[in-house]
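Participant: In order, the protein sequences belong to chains A and B.
Counting in this note's numbering, the first sequence runs from 1 upward without gaps.
Counting in this note's numbering, the second sequence runs from 1001 upward without gaps.
All residues carry an ideal CB built from backbone N, CA and C; glycine is no exception.
Source: prediction; values computed, not measured.
Quick one: this structure, given as structure tokens, is what I'll be asking you about.
There are 2 protein chains.
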Amino acid sequence: MTPIITAFEQSPDRGKGQARDMRVRWALEEVNQAYDVRLVSFTGMKEPEHLALHPFGQIPTYEEGDLTLFESGAIVLHIAESHAGLLPSDANARSRAITWMFAALNTMEPPLVDCEVAMLLEREKPWYEERQPVLEDRARKRLDELSRRLGDADWLDGTFTAGDLLMVAVLFRSKESGILEEYPNLSAYVARGEARPAFKRAFAAQLAVFTGAHPSR
Amino acid sequence: MTPIITAFEQSPDRGKGQARDMRVRWALEEVNQAYDVRLVSFTGMKEPEHLALHPFGQIPTYEEGDLTLFESGAIVLHIAESHAGLLPSDANARSRAITWMFAALNTMEPPLVDCEVAMLLEREKPWYEERQPVLEDRARKRLDELSRRLGDADWLDGTFTAGDLLMVAVLFRSKESGILEEYPNLSAYVARGEARPAFKRAFAAQLAVFTGAHPSR
Chain A
1 MTPIITAFEQ
11 SPDRGKGQAR
21 DMRVRWALEE
31 VNQAYDVRLV
41 SFTGMKEPEH
51 LALHPFGQIP
61 TYEEGDLTLF
71 ESGAIVLHIA
81 ESHAGLLPSD
91 ANARSRAITW
101 MFAALNTMEP
111 PLVDCEVAML
121 LEREKPWYEE
131 RQPVLEDRAR
141 KRLDELSRRL
151 GDADWLDGTF
161 TAGDLLMVAV
171 LFRSKESGIL
181 EEYPNLSAYV
191 ARGEARPAFK
201 RAFAAQLAVF
211 TGAHPSR
Chain B
1001 MTPIITAFEQ
1011 SPDRGKGQAR
1021 DMRVRWALEE
1031 VNQAYDVRLV
1041 SFTGMKEPEH
1051 LALHPFGQIP
1061 TYEEGDLTLF
1071 ESGAIVLHIA
1081 ESHAGLLPSD
1091 ANARSRAITW
1101 MFAALNTMEP
1111 PLVDCEVAML
1121 LEREKPWYEE
1131 RQPVLEDRAR
1141 KRLDELSRRL
1151 GDADWLDGTF
1161 TAGDLLMVAV
1171 LFRSKESGIL
1181 EEYPNLSAYV
1191 ARGEARPAFK
1201 RAFAAQLAVF
1211 TGAHPSR
């Protein structure tokens, strides 16, 4: 059964990998699962039909027969659990990979998103100059700790897992801000993720929405 | 094998259920799994011994034989997967329960924590008066959506799951701010969580650290 995901009809980044359907597309590509995409508009996301799928009126959602999921982390975990390739078979290694999934979304993403949100919404405010460096330092604290843990390893815990997929996806979003360049090993880590054929296919599919090539992928 | 978790030796809330070991204690109590607690100081959390367990220098951690985990969401999921009682046996219902786990930690917790952090760290700043209502409105948007989805149901998707456990734990942290009182159905939902015997045992055990009763629980 071909799952259906939702994605932005008009994404603020014009399909450059920032929107959270990127993670789900990437996971589906890693496990070679074909999928369909239904595009939703910003107003459509707030209508009852979409809210029935996603109570918080966002993308992505995931429909597979009777099952409807939301939250990119939960969707990636569902894909990883239903296919081989994104979670180790050893039980302890599997739990550690899931730990990195939560770490990506709960520990790394919030301070990085805080920097982004302030840049987008508070740049004209009188406090921006004083407050933005504080936010960046909060993000740097987490990046320092992640960089120290990764060291010179290729991936966070042995082979590539869904934990790396989400961590790379989160860090990738912050590339444009320049903060990642301060961490050569994290930059190289993200580059390794971007070099994966599945990442490239997912990125191209997301970009195709904005270049007219969607939905004939 | 008795798992060992870590918790604050000196918690800012003096053991009133705000620290994130509460969620893990609650999950362990729900499945009747005994556990040991190792208390760590704020300086101890940043030392190499603890950083080997938790790369971000926080609590809780979870040790069970050769396995070490961090991130409260990942620990609760590990507990839910290794014991009956916190995840439905039906595969679709199980995936939906996990979706609520991610929703609690990724969609609900960040805007609620943003309000708390600003109250703690920015109350004296000249922008506080203008900015705090914006943060509260961001949190209210999510609370509105959650309230609408919950409606008059007892739990988010049928029976109590690890998704409810994390959602109640996240909302519980915001009780003191008063914002939850604007949502009678969410207040009742949190009260239902607090009324569970496992919640009460976990709460008492966390509080005991600060009343001298720990570790003889």
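With 8 Å as the C-beta to C-beta threshold (strictly closer), list the residues of the stretch 169-195 of chain A near chain B in chain order.
Facilitator: So nothing in the stretch comes that close.
Participant: If you drop the 5 nearest sequence neighbours on each side, which residues of the same chain put their C-beta closer than 6 Å to that of residue 1173 (chain B)?
Facilitator: The answer, listed in chain order, is 1018.
Participant: Which whole-angstrom value is the C-beta distance of residue 1139 (chain B) and residue 1166 (chain B), which I expect to be below 8 Å?
Facilitator: Actually they are not in contact, since the Cβ atoms of residue 1139 (chain B) and residue 1166 (chain B) sit about 17 Å apart, beyond 8 Å.
Participant: Identify which residue in A:179, A:203, A:48, A:25 has its Cα closest to the Cα of residue 137 (chain A).
Facilitator: When only C-alpha atoms are compared, the closest one is A:179.
Participant: Of all the CB atoms in chain A, is at least one closer than 8 Å to the CB of residue 1083 (chain B)?
Facilitator: Judged by the 8 Å Cβ criterion, residue 1083 (chain B) is not in contact with chain A.
Participant: Kindly say whether residue 1067 (chain B), judged by its beta-carbon, lies nearer than 8 Å to any beta-carbon of chain A.
Facilitator: Closer than 8 Å: yes.
Participant: Given a threshold of 16 other Cβ atoms within 10 Å of its Cβ, counted over all protein chains shown, does residue 124 (chain A) qualify as buried or as exposed?
Facilitator: Result: exposed.
Participant: With the cut-off set at 8 Å, would you say residue 1099 (chain B) and residue 74 (chain A) are in Cβ contact?
Facilitator: Yes, these two residues count as a Cβ contact at 8 Å.
Participant: Once the 5 residues before and after residue 1183 (chain B) are set aside, which same chain residues still bring their CB inside 6 Å of it?
Facilitator: Within the same chain, residue 1183 (chain B) has close Cβ partners 1143, 1147.
Participant: Taking 8 Å as the threshold (beta carbon to beta carbon), is residue 78 (chain A) in contact with chain B?
Facilitator: Chain B contact via Cβ: present.
Participant: Helix or strand or just coil, what does DSSP make of residue 216 (chain A)?
Facilitator: Confidence at residue 216 (chain A) is low in this model, with a pLDDT of 44, below 50, so its placement is unreliable and no value can be given for it.
Participant: Indicate whether at least one CB of chain A lies closer than 8 Å to the CB of residue 1026 (chain B).
Facilitator: Answer no: the Cβ-Cβ gap between residue 1026 (chain B) and chain A never drops below 8 Å.
Participant: Under 8 Å between the Cβ atoms of residue 86 (chain A) and residue 162 (chain A)?
Facilitator: Yes; because the gap between Cβ atoms is below 8 Å, this pair is in contact.
Participant: Under 8 Å between the Cβ atoms of residue 1027 (chain B) and residue 1076 (chain B)?
Facilitator: Closer than 8 Å, so yes.
Participant: I want to see whether chain B comes within less than 8 Å of residue 60 (chain A), judged by CB atoms only; does it?
Facilitator: With 8 Å as the cut-off, residue 60 (chain A) does not count as an interface residue toward chain B.
Participant: Thinking C-alpha only, which one of A:36, A:115, A:13, A:1 is nearest residue 210 (chain A)?
Facilitator: Looking at the Cα atoms, A:13 is the closest of the given residues.
Participant: Based on the DSSP output, what are the partners of residue 1189 (chain B) in its beta bridges?
Facilitator: The partner list for residue 1189 (chain B) (beta bridge, DSSP) is empty, contrary to what the question assumes.
Participant: Would you call the stretch 1151-1161 of chain B and the stretch 1115-1132 of chain B touching, i.e. three or more CB-CB distances under 8 Å?
Facilitator: Short answer: they don't touch.
Participant: With 16 other CB atoms within 10 Å as the buried threshold, where does residue 1011 (chain B) fall?
Facilitator: Residue 1011 (chain B) should be labelled buried.
Participant: Who are the neighbours of residue 1032 (chain B) on chain A, taking C-beta pairs under 8 Å?
Facilitator: Ordered by position in chain A, no residue passes the 8 Å Cβ test against residue 1032 (chain B), which lies about 20 Å from the chain.
Participant: Which residues mark the beginning and the end of the alpha helix (DSSP H) in which residue 1040 (chain B) is found?
Facilitator: Note, residue 1040 (chain B): premise wrong, no alpha helix (DSSP H); beta strand (DSSP E) at 1036-1040.
Participant: For the stretch 1102-1110 of chain B against the stretch 93-108 of chain A, are there 3 or more C-beta pairs whose distance is under 8 Å?
Facilitator: Contact holds: three or more Cβ-Cβ distances are below 8 Å.
Participant: At which residue ranges does the stretch 1122-1184 of chain B contain complete alpha helix (DSSP H) runs of 4 or more residues, listed in the order of the chain?
Facilitator: Those alpha helix (DSSP H) runs which fall completely within the stretch 1122-1184 of chain B and span 4+ residues are 1128-1150, 1162-1173.
Participant: Starting from residue 160 (chain A), find everything on chain B with Cβ-Cβ shorter than 8 Å and list it in chain order.
Facilitator: Near residue 160 (chain A) there are no residues of chain B at all, since even the closest Cβ is about 18 Å away, more than 8 Å.
Participant: How do the stretch 56-68 of chain A and the stretch 35-48 of chain A stand: do at least 3 beta-carbon pairs fall below 8 Å, yes or no?
Facilitator: Counting Cβ pairs under 8 Å, three or more are found: they touch.
Participant: Would residue 145 (chain A) pass as an interface residue toward chain B - the criterion being a Cβ-Cβ separation below 8 Å?
Facilitator: Yes, contact with chain B.
Participant: Under the rule that 16 or more other beta-carbon atoms within 10 Å means buried, what is residue 234 (chain A), buried or exposed?
Facilitator: Outside the shown range of chain A (1 to 217) lies residue 234 (chain A), about which nothing can therefore be said.
Participant: From residue 1160 (chain B) to residue 129 (chain A), what distance separates their C-alpha atoms?
Facilitator: Using only the alpha carbons, I get a separation of about 46 Å.
Participant: Out of curiosity, what's the CA-to-CA distance linking residue 7 (chain A) and residue 121 (chain A)?
Facilitator: Whole-angstrom Cα-Cα distance: 23 Å.
Participant: Pull up the distance between the alpha-carbon of residue 1203 (chain B) and that of residue 1015 (chain B), whole angstroms please.
Facilitator: Approximately 8 Å between the Cα atoms of the pair.
Participant: Can you name, in chain order, every residue of its own chain whose Cβ lies under 6 Å from the Cβ of residue 1194 (chain B), other than the five neighbours on each side?
Facilitator: Once the five neighbours on either side are set aside, residue 1194 (chain B) has no close Cβ partner at all.
Participant: Going along chain A, which residues have a C-beta under 8 Å from residue 1142 (chain B)?
Facilitator: Near residue 1142 (chain B) (Cβ distances below 8 Å), the residues of chain A are 56.
Participant: Count the other CB atoms, across all protein chains shown, that sit within 10 Å of the CB of residue 3 (chain A); report buried if there are 16 or more and exposed otherwise.
Facilitator: With 16 or more Cβ atoms within 10 Å of its Cβ, residue 3 (chain A) is classed as buried.
Participant: Chain B beta carbons: is any one of them nearer than 8 Å to that of residue 105 (chain A)?
Facilitator: Yes - at least one Cβ of chain B is within 8 Å of the one on residue 105 (chain A).
Participant: Within a Cβ cutoff of 6 Å, which residues of the same chain sit near residue 29 (chain A), ignoring the five residues on either side of it in sequence?
Facilitator: Same-chain partners within the cutoff: 198, 201, 202.
Participant: Can you tell me the Cβ-Cβ gap for residue 1206 (chain B) and residue 1036 (chain B), rounded? I've got them flagged as a contact below 8 Å.
Facilitator: Going by Cβ atoms, the distance from residue 1206 (chain B) to residue 1036 (chain B) rounds to 14 Å, so no, they are not a contact pair.
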